[in-house]
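Visitor: First residue of the sequence shown? That's 872 in this note's numbering, and the numbers climb one at a time after it.
Even for Gly, the Cβ is constructed at its ideal location relative to N, Cα and C.
Mind looking over this structure? Questions follow.
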Amino acid sequence: MLYSSGLRIGEILSLRLKDMEFAHYSIDATEIHEGQKKHSWFSFFTDQTADHLENYIKHTHGELEQNDDYRIESDTLLFPVSKRTVQQAFQKTSELTGIEINPHLLRSVFTDKCTKAGIKDKFIDALCGRTSKGVLAKHYADYSVKLLREQYNKVEDFLTQQIIHPKSIV
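So, in structure tokens, the structure goes:
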């Protein structure tokens, strides 16, 4: 989720099941980050992430009923773990693999791939929850879920490409 959505670790851990919409692979982040200066909007996830999420939800939360938009009507946290638990898992994985990886790095990779896909900065900022409230108030239509999905479509192929790490080449 960190890699394919561009959201911050705290935002991901604040997601509720009802924030996830599987028909269009979207995340309604409008209620999870409401700061004085910045606002989260909508983000998305890849079909690969959707497969993992659906399996995770079935395993962790059981079979849940969805509405016509493939949205689960539940206030239950999607990932009921602490930020510290996630950070420790990343640290352990980094030690085991010898590859330094952390949540912020995944967010940085996401924004880099958006740039390579030709997405304008204002849309990258909106997908990553870095849009100022003043901009949202002035340009509400510019950040519709439909328009943001069109922008995300540009980066989706970049996010699903397989990456071969130099250490894995023998």
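When the Cα atoms are used, what is the spatial distance from residue 1014 to residue 929?
Guide: Residue 1014 and residue 929: Cα-Cα distance of roughly 32 angstroms.
Visitor: Is it the case that the Cβ atoms of residue 873 and residue 978 are separated by a distance below 8 angstroms?
Guide: Yes, the Cβ-Cβ distance between residue 873 and residue 978 is below 8 angstroms.
Visitor: Residue 903 by DSSP, collapsed to three states: which one?
Guide: Residue 903 falls in the coil class under three-state DSSP.
Visitor: Using alpha carbons as the reference points, say which of 944, 946, 975 lies closest to residue 957.
Guide: The option with the nearest alpha carbon to residue 957 is 975.
Visitor: Is there at least one non-hydrogen atom of the ligand FMN closer than 7 angstroms to the beta-carbon of residue 877?
Guide: The ligand FMN is absent from the structure shown, which contains no ligands of any kind.
Visitor: Report the option in 947, 973, 922, 918 whose CA atom is closest to the CA atom of residue 932.
Guide: Answer by Cα proximity: 947.
Visitor: Under three-state DSSP, which class holds residue 887?
Guide: It is a strand residue.
Visitor: Looking at the structure shown, is residue 882 part of a helix, part of a strand, or coil, going by DSSP?
Guide: Helix, per DSSP.
Visitor: Does the separation of the CB atoms of residue 953 and residue 920 fall below 8 angstroms?
Guide: No.
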